[in-house]
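Here the structure is laid out as structure tokens; the discussion comes afterwards.
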Amino acid sequence: MKGTKGRRRRFIDYPRTGREGPRRWLPSWRLWLGTLSFCVLCLAGLFALVYAKIDIPNENALAGKEATVYYWADGSQMVSVGDVNRQNVTLDKVPESVQESVIAAENATFYDDAGVSFQGLARAAVNMVSGEETQGGSTITQQYVKNTYLSQDQTVTRKVREFIIALKVSNQKTKREILRGYLNTSWFGRGSYGIQAAAHAYYGIDAKDLDPSQGALLAAVLKGSEQYDPGLSEANHERAVDRWKWILDRQVATGTMSEEERARYTVFPEPRAPSKPTSQAGQTGYLVDVANKFVRAATGLTDKDLARGGYRVHTTFDKERTRRLEKAVDDVRRKNLDPKKRAADAYVEFGAASVRPGDGAVVALYGGADATRHFTNNADTTAVPVGSAFKPFVLAAALQRQADQAWDGTDAAEAAPADRRRGPGDLRGALLTAENLPFVQAGQRIGLERIKDLVVAAGLHEDSLARLEQTFPLGTSAPSAIRLASAYTTFVNDGLHADPYAVSKVTHDGTAISGFDRAEPRQVIDAGVAQEVSATLEGLGRRSPGLSGARPVVAGRTEPGDRMKSAWFVGSPAAGPAFGTTAGGTGGKDEPTTAVTLFRNQPGAPDLLPLQGVGGDDKTLGTALPPQIWSACQGTA
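In the numbering used here, the protein residues as written are 82 to 718.
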């Protein structure tokens, strides 16, 4: 003890004196407590500093926000979208049941909490570290702050500002003022900001006339109209019904609705069909939909973000080609279809898309008669079976298998005599004579997985493919016209495939947004295989009904013998190295491949209608009409 007597005591006793071995390095409880207290004080001081520095900014003037502008490929303006559709209403114009639906769905503790979610902020920090999105867990007050004062950016900095401003707003505004602001600034989809605009968009009534069931549906779409607007897809409808039920049940659980009242709402309150503003009439609405889809995939932006305005979206759509394609459909429809004379001509729909082989640009599409009256985009739907237009991919898979066997030194004559004698050669003939059995047999020999892998590599979405059953090679899958046209470019482009895209550049307030770099085309099949398939399809094109003088290098069609409820034609005037220039085009990789589909769809009916008698011909099932459209848009009809 003499050795330590008189020694000055250290402020932080670490390593610990008077201890030996590992105990010397174990902090005392005093050190643990002191360190924790110091950290808490530092955090409190930092929070106080940040709280003092961040003021409540001026409210965003949503109605004065710049619109989002879409441009044609040549740089001229296509349409200006996003002038904010919002009508502010006072809270007494919103039924209590609707208010309670929103609170039950978004923030059940709204009237009791401090306006912020510490869990949400912590989750944002964790997600930032893990590289995930920072959204989630916000209170109604925080969402109101984000809608009114801040941008929609998903960053931790914005999340912290949202948290601080929400605390201040919660101290300065009443809960009813915050709820009114939230209901007037929230995005409900269908171009509507606020509960009043949403009530008109979904039900054609004022917000004050909404019943509890309708209010629960509007509360459901607050979670994300792209997933919960029941009018957009069957999957959306299913999700919306489930969430609608949950919100009503949640109101019972929170005591804002009695079980007796809940029992009255058993029928889902179907909203009116979605509609487009008149500025998006004709094909414009479909073009905007497809452009938005590519923007969302490339950047993570939502329709809500785009509707808030300030974006400049430069598309790949060619104005002249789009108008020519629309005129071709209108002319063929007017010349061949008369629903007043023939019942089979009723409910006939057309869809089409043109894709440039060299880089995958979508240069034109036809989504329906008018986007303001027919909301479903026929160029992008995955509900129409492709039929015999799928068979060229089976031929390509057989040829590729044969080429692979030759490449690895296998004696193809012995290893796969069926593929040499009955495979590609047999399939070529079967393609020209519209036989199905050889393709079923080819699927058994080649393997359905091999065919599936090839079409996915060529650009078809896997979720649009049918089950791998015996009929898979006959075209039971339902790709969109955009994806089918894109996949066919592989044959024109010597086996190279470029992923389709419809947007070349997006800027926001003058700053370019990343995500639009183009990948180099990939070699999907051998060049020789692509040229052999193209040669076969050129012969098929000459035999296609409805063509007038056109000789497409690539032509895929649905045969009358398919007994399918759709008709397809895929054509391209582009010539590969094995061919010369063909009628209807100058050749080269810049000439687009176009897929055209015809089907019958009665609104509200679950299945497609049969094609017998469409156009007055019971034998061809309307299969002559898609080739006529292709010819007309090439200027060769």
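Even for Gly, the Cβ is constructed at its ideal location relative to N, Cα and C. On a predicted model such as this, the values are computed, not experimentally measured, just so you know.
A distance below 7 Å between beta-carbons, with the five flanking residues on each side excluded, links E243 to the following residues of its chain, in chain order: Q223, V226, K227, L231. The Cβ atoms of Q295 and P355 do not sit closer than 8 Å to each other.
Secondary structure of H318 (DSSP, three-state): helix. Per DSSP, T383 has no beta-bridge partner at all.
Taken atom to atom, the span from the alpha-carbon of I527 to that of P438 is near 27 Å. Residue ranges of uninterrupted alpha helix (DSSP H) with 4 or more members, entirely inside the stretch 562 to 611 and ordered along the chain, are 562 to 573. Between the stretch 327 to 337 and the stretch 168 to 182 there are three or more C-beta pairs closer than 8 Å, enough to call the two in contact. Scanning the stretch 322 to 409 for uninterrupted alpha helix (DSSP H) segments of 4 residues or longer gives 340 to 343, 365 to 380, 384 to 388, listed from N- to C-terminal end. Here the C-alpha atom of S558 lies approximately 4 Å from the C-alpha atom of L546. By the criterion of a C-beta distance shorter than 6 Å, I221 is surrounded in its chain by E187, N188, F191, Y263, once the five residues flanking it on both sides are discounted. When A278, G697, Q715 are compared, the shortest CA-CA separation from A424 is found for G697.
E516 carries a coil assignment under DSSP once its states are collapsed to helix, strand and coil.
Cα atoms of A148 and L406: separation of roughly 28 Å, rounded to the nearest angstrom. Under DSSP, T674 takes part in a beta bridge, and its partners are V436. Taking the Cα of V475 as reference, the smallest distance to any Cα among E430, R531, V429, A445 is reached at R531. Counting every other CB atom within 10 Å of its CB across the protein chains shown gives A566 a total of 16 or more, marking it as buried. Between the beta-carbon of A460 and that of Y367 there is about 6 Å, and that keeps the pair under the 8 Å contact cut. R482 carries a helical assignment under DSSP once its states are collapsed to helix, strand and coil. The stretch 390 to 398 and the stretch 581 to 596 touch, with three or more beta-carbon pairs separated by less than 8 Å. Residue range 443 to 447 is occupied by the beta strand (DSSP E) that includes V444. The stretch 463 to 480 makes no contact with the stretch 374 to 387: fewer than 3 CB pairs, one atom from each, lie closer than 8 Å. With contacts defined by Cβ atoms closer than 8 Å, G468 and S647 form a contacting pair. Unbroken alpha helix (DSSP H) runs of no fewer than 4 residues, entirely contained in the stretch 282 to 317, are found at 293 to 302, 306 to 309, following chain order.
Partner residues in the beta bridge of F431, as assigned by DSSP, are L679.
A straight-line Cα-Cα distance of about 53 Å links Y447 and N252. The beta carbon of G156 is closer than 8 Å to those of H395 in its chain, skipping five residues each way along the sequence.
Of the other Cβ atoms in all chains shown, fewer than 16 fall within 10 Å of the Cβ of V121; this residue is therefore exposed. Beta bridge pairing from DSSP links L549 with no other residue. Cβ-Cβ distances below 7 Å link A409 to I710, A713, C714 in the same chain, with the five nearest sequence neighbours on each side left out; the list follows chain order. Contact check for D287 against A297 fails: the beta carbons are separated by 8 Å or more. Boundaries of the alpha helix (DSSP H) around Y230: 221 to 230. No Cβ-Cβ contact shorter than 8 Å links V436 with L706. DSSP, reduced to helix, strand and coil, places W711 within a helical segment of the structure shown. Annotation for P311: N317, H318, A321 place their beta carbon closer than 6 Å to its own, counting only its chain and skipping 5 residues before and after.
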